[in-house]
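In my numbering, the protein residues as written are 90 to 274.
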């Protein structure tokens, strides 16, 4: 995928395979999918057609974007795959899937989601903290969804479980229109 920005060619979105209770979450996924496509950045995601995942991917595709879905074999029957992806990669397991998310992406966005979304986000934050990468990690704190996690990270710092010099670097915004500019800055 070619883009005016040489630093970010692909963005990985972590988000739920459900819509959540609040309609604002799905609208945020639709909007960010469109914005990624409009910036000529590829979207990397979990390959599903439902929930926020499907909304972001379908929106990117409908705006002319390149979408790569990555899904493990065992989820093919459990989750409905988005067959219209520009590229669909089937992995042997979750570890391969997450490694491909990492290898193919230049930045990461976490929209609202469940345990899988949380795990993927925290893994990228941990790898960044340990110096394994310098890619931007952004928490899309739509409707304050991630406030408890942000508070927990602050408490970890206050209690010195996250020591000075080992801070967890991440970006946060509650405005969808700020996501791409923050990642490109």
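C-beta atoms are modelled at their ideal positions from N, C-alpha and C, and glycine is treated no differently.
Inset, instruction - Would you grab the beta carbon distance between residue 132 and residue 100 for me? Rounded to a whole angstrom, and I think it's under 8 angstroms. - result: The residue you call residue 132 lines up with position 43 of the chain shown. The residue you call residue 100 lines up with position 11 of the chain shown. Contact flag correct, Cβ pair sits at about 6 angstroms.
Inset, instruction - Whole angstroms is fine: what's the gap from residue 230's alpha carbon to residue 221's? - result: Locating residue 230 in the chain shown gives position 141, counting from the first residue. Locating residue 221 in the chain shown gives position 132, counting from the first residue. Each residue's alpha carbon lies about 25 angstroms from the other.
Legend entry - Identified DSSP bridge partners for residue 134: Residue mapping note: residue 134 aligns to position 45 of the chain shown, counting from 1. Residue 134 pairs with 158.
Legend entry - Helix, strand or coil at residue 274 according to DSSP, with G and I counted as helix: What you label residue 274 is simply residue 185 of the chain shown in a count that begins at 1. Coil at residue 274, not helix or strand.
Inset, instruction - Could you tell me whether the stretch 180-187 touches the stretch 149-158, where touching means 3 or more Cβ pairs closer than 8 angstroms? - result: no
Inset, instruction - Report the three-state DSSP secondary structure of residue 258 (helix, strand or coil). - result: Along the chain shown, read from residue 1 onward, the residue named residue 258 stands at position 169. Coil.
Inset, instruction - Report yes if the C-beta distance between residue 199 and residue 228 is below 7 angstroms; otherwise report no. - result: Reading the chain shown from its first residue, position 110 is the one you call residue 199. Reading the chain shown from its first residue, position 139 is the one you call residue 228. Yes, they are a contact pair.
Legend entry - Segment limits, alpha helix (DSSP H) that includes residue 211: Taking the first residue of the chain shown as 1, we reach residue 211 at position 122. Residues 204-218.
Inset, instruction - For residue 106, I'd like the list of residues in its chain whose CB is within less than 7 angstroms of its CB, leaving aside the five on either flank, ordered along the chain. - result: The sequence position of residue 106 within the chain shown is 17, counting from 1. So the list reads 137, 139, 140, 142 and 168, once near-sequence residues are dropped.
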